[in-house]
Each structure stands twice: as structure tokens, then as C-alpha cells.
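Before any comments, here is the structure.
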Amino acid sequence: MRTKCLHHLSRKISFVFVRGPIQDVCTKCSNTFPAGSRITEFDGKQYHPDCFSCADCQKAITSQFYPFNNDYLCGTCHEARFPRKRCGKCGSVITSAGITFAGASYHAACFVCVTCKQPISATSKISMVDGQPCCVNCYEDKHAKRCSRCHKAILADVEYLEFEDKYWHKECFTCSKCQKCIAEESFYQDGNLILCKDCI
């Protein structure tokens with residue numbers, strides 16, 4: 250005769266005690282259950298408590314576990330084999346759909362601009378500031394390099410030129426005299442002037 254005791258775990262595992270002789274044998278080791286011993290039951294099968302163990306660490310499973318190749322993994326070993334994505338902002342496990350940006354995953358609620366802290370849509374244009382997402386407005390206003398000619402923001406995905414610690418949009422890098430674009434040509438410096446080869 251069996252009497253259920255203890256508790257039920259997340260995968261309908263239960264424990265019973267054997268009160269008298271029993272004909273059943275352990276699913277794993279095929280040995281019988283002595284009178285007075287505890288049995289672990291799962292999915293209609295009976296195990297000695299030590300036989301119902303993790304396939305990786307071999308420790309008895311007494312709490313959360315996962316089916317794996319006709320066997321089981323404890324929670325710790327399952328996490329080691331199949332690490333879950335963690336949020337790049339809060340560090341918690343992402344259990345539902347999230348947002349992936351620049352190789353990091355985020356909860357939708359955690360995917361906010363590093364500057365204004367407002368949510369950023371996954372379909373928005375996004376820049377990076379110190380490895381964190383930044384909305385376009387904040388990037389343009391507070392973080393972007395400024396073009397030395399037009400003084401507008403140089404966006405993260407735009408080609409630009411750098412010369413003597415100054416920045417230019419490619420199309421703004423022009424000869425100081427004739428205004429011809431010299432981004433792809435040789436140029437010369439004469440004081441504060443940048444000149445094409447025709448204007449030197």
C-alpha cells in the first residue's frame with residue numbers, strides 16, 4: 250500500500266512511502282523498493298530518490314527539472330547547457346519576446362534611451378552611446394559629432410572625415426576657395442584654409 254506525502258513539484262513529480270512489500274521496481278536501476286522507503290514518482294514511473302537524478306551532475310532531482318533526451322536535467326545543469334537570454338539593462342532572464350540590439354537582448358520595457366530614458370521602438374533609428382541604446386533625437390542633440398562646416402550632427406551611420414580634431418560630413422569637406430568637394434582628393438592646408446590642388 251502506498252501513501253502520498255511531501256509535495257508536488259513543477260513537473261508533477263510526487264513522493265510516496267512504501268508501507269509494505271511491493272512488486273514494482275525502480276525504472277532506472279530495476280531494483281525493488283524496500284518497505285518503509287521513499288519512492289519518487291513521475292509520469293507514471295517509480296524511482297528510488299537517488300535514481301531520479303540529473304543526467305549531467307548525477308544529483309538527485311528534488312525541485313525544478315527539464316526533460317532531456319529521454320532523461321532529465323536539474324535546473325542548474327539545464328541553465329548551463331541552454332543559457333537563457335538576460336536583459337542587457339536589468340540582467341533578469343527574458344522569458345517572453347524581447348529586443349535584440351547590437352548583440353545584446355533587452356526586455357521591451359528596459360529598451361530605453363540612455364539619455365532621456367524614454368522607450369525606444371525596435372523599428373526606430375537607434376544609435377549607441379557607451380554601449381547603450383540612444384534615440385536619434387538625444388544622439389543628435391547631445392552626443393553626435395558636429396560638422397565643422399554646416400554645424401549639424403554627424404549621425405552614427407553617416408560617413409564623415411576627421412582632420413586635426415575636426416569633423417565634416419563627406420559632402421561638406423570642400424575647398425575653402427572654390428567650394429569643390431575634396432573628400433576623395435588630395436588637399437592642402439594653408440593656415441585655417443583647406444585647399445584643393447587647383448587652388449594652392
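First residue of the sequence shown: 250, per our numbering; consecutive thereafter.
For each residue, glycine too, the CB sits at the ideal point set by N, CA and C.
Determine which residues share a DSSP beta bridge with residue i and list them.
i	result
residue 439	442
residue 298	Answer is none; residue 298 lacks a bridge partner.
residue 342	335
Over the uninterrupted alpha helix (DSSP H) stretch that includes residue i, give me the two end residues.
i	result
residue 330	324-330
Taking the beta strand (DSSP E) that residue i falls in, what are its first and last residues?
i	result
residue 349	348-350
residue 282	Residue 282 -> no beta strand (DSSP E), and no H or E assigned at all.
residue 376	375-378
residue 317	314-317
residue 410	409-412
May I have the straight-line CA-CA distance separating residue i from residue j, to the nearest angstrom?
i	j	result
residue 325	residue 379	33 Å
residue 432	residue 408	10 Å
residue 347	residue 426	53 Å
residue 406	residue 376	8 Å
residue 312	residue 288	15 Å
residue 404	residue 317	48 Å
Apply the 10 Å Cβ neighbour rule to residue i and answer buried if 16 or more other Cβ atoms are within range, or exposed otherwise.
i	result
residue 442	exposed
residue 252	Low local confidence applies: a pLDDT of 29 at residue 252 is under 50, so the model's placement there is unreliable, with the coordinate-based value given in what follows. The residue in question, residue 252, is exposed, as its Cβ has fewer than 16 Cβ neighbours within 10 Å.
residue 449	exposed
Would you verify that the beta carbon of residue i is, or is not, closer than 9 Å to some beta carbon of chain B?
i	result
residue 435	In the displayed structure, chain B is absent; only one protein chain is listed.
query: Is it a yes or a no for the segment 335-346 touching the segment 354-365, going by three-plus beta-carbon pairs under 8 Å?
result: Touching, per the Cβ criterion.
- prompt: Would the segment 414-429 and the segment 390-399 be scored as touching if the rule is three or more Cβ pairs under 8 Å?
  reply: Result yes; three or more Cβ-Cβ pairs closer than 8 Å.
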